[in-house]
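What follows is a single structure, written as C-alpha cells, with notes after it.
Number of protein chains: 2
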Amino acid sequence: MYYVGIDVGGMSLKAGIVDDEGKVLFKKAVKTTPGRAGELIVGDLAQLIKDIISESKISEKEIAGVGMGFPGSVWDEKGVVRYCCNINLVDIPMVKMLKEKGINYPIFISNDANCAVLGEAYVGAAKGAKNVVLITIGTGLGTGIFVDGVLLTGNRSAGAEGGHMQINIGGAKCGCDKKGHYEAYASATALLRQAKEACEKHPDSLMNDLFKKHGYEGYCIFNAAEQGDETAKKVIAKFVKYVGMGAVSLCNLFYPEYFLIGGGIANNGPLFIPQLQRYISRNVYGNKYNPKIKVQAAKLLNDAGIIGAACLVMNRAK
Amino acid sequence: MYYVGIDVGGMSLKAGIVDDEGKVLFKKAVKTTPGRAGELIVGDLAQLIKDIISESKISEKEIAGVGMGFPGSVWDEKGVVRYCCNINLVDIPMVKMLKEKGINYPIFISNDANCAVLGEAYVGAAKGAKNVVLITIGTGLGTGIFVDGVLLTGNRSAGAEGGHMQINIGGAKCGCDKKGHYEAYASATALLRQAKEACEKHPDSLMNDLFKKHGYEGYCIFNAAEQGDETAKKVIAKFVKYVGMGAVSLCNLFYPEYFLIGGGIANNGPLFIPQLQRYISRNVYGNKYNPKIKVQAAKLLNDAGIIGAACLVMNRAK
C-alpha cells in the first residue's frame, strides 16, 4: 500500500507519497504564510492531497490513507487542530473539513513530534521497536512517545508534553512561563543561553570569538569544542547533563528500547550522543537488571515530517 | 466470572476471590517471613490458591484466572519476579513454577503499584476511566500508570518508575542513592524529614510537642496543622508543592482523567487533596484548553492489593 504524508509548517505545506518501507516516491509542496486564514489553509491542503495523488498516477485503491503532522496541539481522535505555532489554525475540525472538500480517504492527524517518533519506530533509527522515546531539540523541546506499539497521547491528546516536566525547582524560566521545566534547560534556545553566560565569564574563549564572527549560532559552540576550547567543552558537558536528566526521567517511566534525539543538534554526533549515552546508562533506574537503552540520533532527516505523517496512517488505519 | 487476587507482602500472603464488580467474596491469608526461601514461598502461594478456590466452592469454570501483585520488580510478560523488598524472591519464574505445582488457571503477575492503578480504574475511584495515574506515598513513592486502557510497563516491565523522575538538580538524596528524585521530596519519609527540619527551626511549635509525645509519626504533622500550628501548616503546604511538581510532570506526559493518591497520607483529605488539586490545575500544561484532571484519594483501602491483583486478570485475560 501507499500512504500520503503531509508535513504542515508555517512557511510551507509539504506532501509526499510513501511506500511501506518509508521511501518517499513523490513529493509536492506549496508555500503558505503564518497570516493566511485557517479556512484557506484547509483548502490548500485539500488541493495538495488531490494533486499529489493524481500526479502520482497511483490508483485510489492503493492509497491506505492520509496522515498529517501539525506543529501544535491536536485532538487526534476528534480530528481537530486546537492551535498551532506560526499557523493560523485554531479549533479547526480538520478531518471533517477535508472530507467536505472531497478527500474521501481515511485521514489521521497528530502533533508533529508524535509523527516523528512513529516514523523512527516504523522505518527509521528504531525500526521494529515497540517502545521508543524521541525528543526533538529545537527552539523548544518536543517529545514523541511510543509505548508497546501505541502512540502515547493521553486524554484528548493533551499529553506527551515532556518538555514541560519539572527538572529543577524554581529554576530557569520556560517558554510556557513556568520555572524549571526540561525545555528551559535542554532546548537549543537553552544551550545558546548557557553558552552566552559562559562567554560572559570567559570573553577570551574561542567560542566567544566565533560568536562575534558568525553571530549566536549553535554550530559555533560545537566548532569551538572540536578545536579544543575548554569553555565550549564545559558548556556541552553541562548541556548533556541537562538533556540527560530529563531523558533519565523519561526512561524511568517508559524504559524504551531506543531513546532518540532529533533536531539539528543530533548531527553533532561524536560530541553529543556518546556522552548522553553514558549519562543515561549510568543513571537510569534498574540499570543493573535491564538491557541498555540505545541512545541514537533520529535517522529520518529532511523528509522526516512527511514520512512520520505517513506512518500515522500505518499505525492507525485498520 | 470470578478472579483470584493475591497480595504478596513480607509478612503475609493474602488471597481473595473477587467478582466483576470488585467485591471480595472470600478471603484467606497465610503468614510468611522476610527470610523464608523463595521456593517455599512459591509452594505456600500454590497451596493458598488451591485452598481458597476449593473452600469457596466456586466451580473451576467460573474462575477467569489468578492475578498477583509483588512489592518489587516483576517482568510481567515472562512471568518472572526479579526482586522484591522484604521477600526472598530473586529471579523466580513464578508463573512457570506455579503451573508445575498444579495451578492450571491463567496466571498474571505485576508490581503492586501497577495492580493498584488497575483496581482504581476498574472498580475504584476512577471507575471506567481509560487514563489514570496513581502515586502511592509511603516509605518510597510508587507510580501506577494506565494509558488508553493499557497498563504502562515499558520494555521488560522496567518502566513506570515515576518515583525516580528528576525534579530538583543536585537536590535531596533518594533511596536509590541518586539526587533530586521525586521520591526524595514527596514520599512519607521525605515529609517526616521536612517536618523534623522545620522543628529544628521552630522547637516551640505544637508539631514539635506532638513529635516529643508520640514519636516522629506522620499524623502528628496533620494533627498540629488541624489545631492551627503555623509550622505544621507550612510544612504541609511545601509538601503539597513537592508532590504537585512531580504530579504535574506526570500529568503533562499522560494527561489522565484522574490523578490518584494512595497511602495513608491520602486519608488526611481536607488538608491535602484540595491543595494538591489547586496546584495541579494551576500548573498543568494546556490547562486552558483541556478538561480538569480530577485529583482524588484512592478508594480501595484494606483490600486494595487483592482487588488490584484480581483486576490484573480482568485487564489481561482474553
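Those protein sequence lines, which keep their order, are chains W and X. Letter by letter, the first sequence follows residues 2 to 319 in my numbering. Letter by letter, the second sequence follows residues 2 to 319 in my numbering. Each residue gets a CB set at the ideal place from its N, CA and C atoms; glycine is no exception.
Inset, instruction - Report the neighbours of X:Cys177 on chain W: residues whose CB is nearer than 7 Å to its CB, in chain order. - result: Tyr286
Inset, instruction - For X:Ile266, decide whether its Cβ has a neighbour in chain W, counting only Cβ atoms nearer than 8 Å. - result: no
Inset, instruction - For W:Val148, return the contacting residues in chain X, with the cut-off set at a CB-CB distance below 7 Å. - result: Val148 and Leu153
Inset, instruction - Decide yes or no for the touch test of the segment 93 to 113 of chain X against the segment 40 to 56 of chain X: beta carbon pairs closer than 8 Å, at least 3 of them. - result: yes
Legend entry - Close Cβ partners of W:Val285 (< 7 Å) along its chain, the five nearest in sequence each way excluded: Val249, Cys252, Asn253 and Ile294
Inset, instruction - Have a look at W:Arg83, W:Lys202 and W:Met2 and flag the residue whose alpha-carbon is nearest the alpha-carbon of W:Val236. - result: W:Lys202
Inset, instruction - Answer yes if the segment 55 to 69 of chain X comes into contact with the segment 304 to 315 of chain X, meaning at least three C-beta pairs across the two stretches below 8 Å, and no otherwise. - result: yes
Inset, instruction - Could you tell me which uninterrupted alpha helix (DSSP H) segments, each at least 4 residues in length, are contained entirely in the segment 136 to 212 of chain W, listed from first to last along the chain? - result: 184 to 187 and 189 to 202, all fully within the segment 136 to 212 of chain W.
Legend entry - Amino acids of chain W, ordered along the chain, whose beta-carbon sits closer than 8 Å to that of X:Arg157: Tyr256, Asn291 and Pro292
Inset, instruction - Would you give the residue range spanned by the alpha helix (DSSP H) that W:Val43 belongs to? - result: Gly39 to Ser57
Legend entry - DSSP beta-bridge partners of X:Cys85: X:Gly73
Legend entry - Range of the contiguous alpha helix (DSSP H) that encloses W:Leu302: No residue range can be given for W:Leu302, since it is assigned to no alpha helix (DSSP H) and is classified by DSSP as neither H nor E.
Legend entry - Three or more C-beta pairs below 8 Å linking the segment 147 to 166 of chain X and the segment 114 to 134 of chain X: Touching, yes, given that three or more Cβ pairs across the two stretches are closer than 8 Å.
Legend entry - Closer than 8 Å to chain W by CB, X:Ile138: no
Inset, instruction - Determine the closest residue to X:Pro257 out of X:Asn288, X:Leu99, X:Asp8 and X:Val81, with distance taken between C-alpha atoms. - result: Comparing Cα positions, the closest option is X:Asn288.
Inset, instruction - Out of X:Leu142, X:Ile222 and X:Phe109, state which residue places its alpha-carbon closest to the alpha-carbon of X:Tyr4. - result: Nearest C-alpha to X:Tyr4: X:Phe109.
Legend entry - Given X:Glu22 as reference, the closest of X:Leu272, X:Leu193, X:Leu192 and X:Lys128 once Cα atoms are compared: X:Lys128
Legend entry - Members of the segment 68 to 102 of chain W near chain X, C-beta cut-off 8 Å: Ser74, Arg83 and Tyr84
Inset, instruction - Determine the chain W residues that contact X:Ala305 at a beta-carbon separation under 7 Å, and present them in chain order. - result: Those within 7 Å of X:Ala305 in chain W number zero; the least Cβ separation is about 22 Å.
Legend entry - Proximity below 8 Å, CB of X:Asn89 to CB of X:Pro35: yes
Legend entry - Inter-residue spacing [alpha-carbon to alpha-carbon] between X:Pro292 and X:Ala191: Looking at the two C-alpha atoms, the distance is approximately 31 Å.
Legend entry - Contact check, W:Tyr186 vs W:Tyr259, beta carbons under 8 Å: no
Inset, instruction - Would you please verify whether the beta carbon of X:Asn169 is less than 8 Å from any beta carbon of chain A? - result: Protein chains W and X are contained in the structure displayed, whereas chain A is not.
Inset, instruction - Report, in whole angstroms, the separation of the C-beta atoms of W:Asn115 and W:Ala161, which I expect to be a contact under 8 Å. - result: Going by Cβ atoms, the distance from W:Asn115 to W:Ala161 rounds to 6 Å, so yes, they are a contact pair.
Legend entry - Which residues DSSP lists as bridging X:Asn316, in chain order: Bridge partners of X:Asn316: none, in fact.
Inset, instruction - Check whether the Cβ atoms of X:Asp77 and X:Gly306 lie closer than 8 Å to each other. - result: no
Legend entry - W:Thr33 burial status per 10 Å Cβ neighbour count (16 or more: buried): buried
Inset, instruction - Could you check if W:Ser74 is buried or exposed, using at least 16 other CB atoms within 10 Å of its CB as the buried criterion? - result: buried
Legend entry - Endpoints, the alpha helix (DSSP H) within which W:Ile110 is located: It is not in any alpha helix (DSSP H) - W:Ile110 instead sits in the beta strand (DSSP E) that spans Ile108 to Asn112.
Legend entry - 8 Å Cβ cutoff, X:Glu162 in contact with chain W: yes
Inset, instruction - Evaluate W:Leu302 with the Cβ neighbour count: other Cβ atoms within 10 Å of its Cβ, from every protein chain shown; 16 or more gives buried, anything less gives exposed. - result: exposed
Inset, instruction - Starting from the beta carbon of W:Asn132, find every residue of chain X whose beta carbon is closer than 7 Å, and list them in chain order. - result: In chain order: Gly155 and Asn156.
Legend entry - Reduced DSSP category for W:Val9 - H, G, I as helix; E, B as strand; rest coil: strand
Inset, instruction - Would you kindly work out how many angstroms separate the C-alpha atoms of X:Leu152 and X:Ala159, rounded to a whole number? - result: Distance between the alpha carbons of X:Leu152 and X:Ala159 is about 13 Å.
Inset, instruction - For the alpha helix (DSSP H) holding W:Lys234, just list the boundary residues, first then last. - result: Glu231 to Phe255
Legend entry - Inter-residue Cα distance where the pair is W:Asn169 and W:Thr144: Their backbone Cα atoms lie some 18 Å apart in a straight line.
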